[in-house]
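Numbering (my numbering), first residue to last: 12 to 243. Down below is the structure, laid out as structure tokens.
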């Protein structure tokens with residue numbers, strides 16, 4: 012038990028969580044590039060951790076679809092393709108409007124206003140990683156407010172994959188400039204969604220969420236189209 016009276020996690024659990032967070036972050040931010048082969052020994056050496064926590068972390072990431080197992084060879088960071096992007100957006104368009112509908116009247120307005128105003132890039136704010144985090148946290152906050160923990164976990168996993176797509180598509184191409192020019196529309200969409208959620212208008216929340224995901228889909232798929240072979 013620690014000083015605050017809470018039971019401390021066993022050392023192995025703490026190391027597994029640390030390994031999971033480190034590898035997942037590097038996958039999402041494409042430091043471990045899509046399609047790259049990795050091994051338990053190589054990652055253990057890179058992060059300065061033991062094989063056991065690395066193995067457990069990779070097992071979790073495999074279940075989440077961020078890495079794939081290669082029998083007798085190791086692992087491969089899950090590739091990104093047009094099909095991957097379309098699959099993610101298909102699910103987001105099904106789940107996020109439903110989550111917004113259920114979250115109407117149940118959200119933390121202050122948290123949403125802060126997150127909703129923060130994610131947008133400006134020419135004088137080159138912190139792309141903060142953009143990714145704020146944007147993800149905004150949508151996760153709404154999903155959790157739905158009260159459906161299972162749906163919220165699925166949406167959170169989809170948003171993790173979205174960070175990879177955004178990093179590849181928007182920050183690795185000229186389409187980043189389109190995002191810069193388009194940020195006011197995105198901010199307006201966030202505000203419309205927040206207003207509907209705070210007002211407790213479930214149908215308006217659902218519609219606002221659907222419009223926003225559709226717009227995000229257009230931005231990301233257009234950007235990815237210059238990099239990947241995309242079939243819409």
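Think of the CB as a built atom: it goes at the ideal place given N, C-alpha and C, for glycine as much as any other residue.
Query: Would you check if the region 64-82 and the region 146-158 touch, i.e. whether three or more CB-CB distances between them fall below 8 Å?; Result: no
Query: Once the 5 residues before and after residue 81 are set aside, which same chain residues still bring their CB inside 8 Å of it?; Result: 48, 87
Query: According to DSSP, is residue 246 part of a helix, a strand, or is it coil?; Result: Residue coverage of the chain in this structure runs from 12 to 243, which leaves residue 246 outside it and unanswerable.
Query: Helix, strand or coil: how does DSSP classify residue 75 here?; Result: coil
Query: Report the three-state DSSP secondary structure of residue 50 (helix, strand or coil).; Result: coil
Query: Between the region 109-122 and the region 154-165, do three or more beta carbon pairs fall short of 8 Å?; Result: yes
Query: Measuring CB atoms only, is the region 166-177 touching the region 36-45, in the sense that at least three cross pairs come out at less than 8 Å?; Result: yes
Query: Return no unless some Cβ of chain D is closer than 8 Å to the Cβ of residue 92.; Result: You won't find chain D in this structure, because it holds only one protein chain.
Query: Span of the alpha helix (DSSP H) holding residue 231?; Result: 213-236
Query: If you draw a straight line from the alpha carbon of residue 51 to that of residue 68, how long is it in whole angstroms?; Result: 10 Å
Query: With H, G and I counted as helix, E and B as strand and the rest as coil, what does DSSP make of residue 27?; Result: helix
Query: Please list, in chain order, all residues of the same chain as residue 211 whose beta carbon is under 6 Å from its beta carbon, the five residues on each side excluded.; Result: 115, 116
Query: Can you round the beta-carbon distance between residue 178 and residue 200 to whole angstroms, since I take them to be within the 8 Å contact cut?; Result: Wrong, their Cβ atoms sit about 21 Å apart, outside the cutoff.
Query: What does residue 80 pair with, by DSSP beta-bridge criteria?; Result: 86
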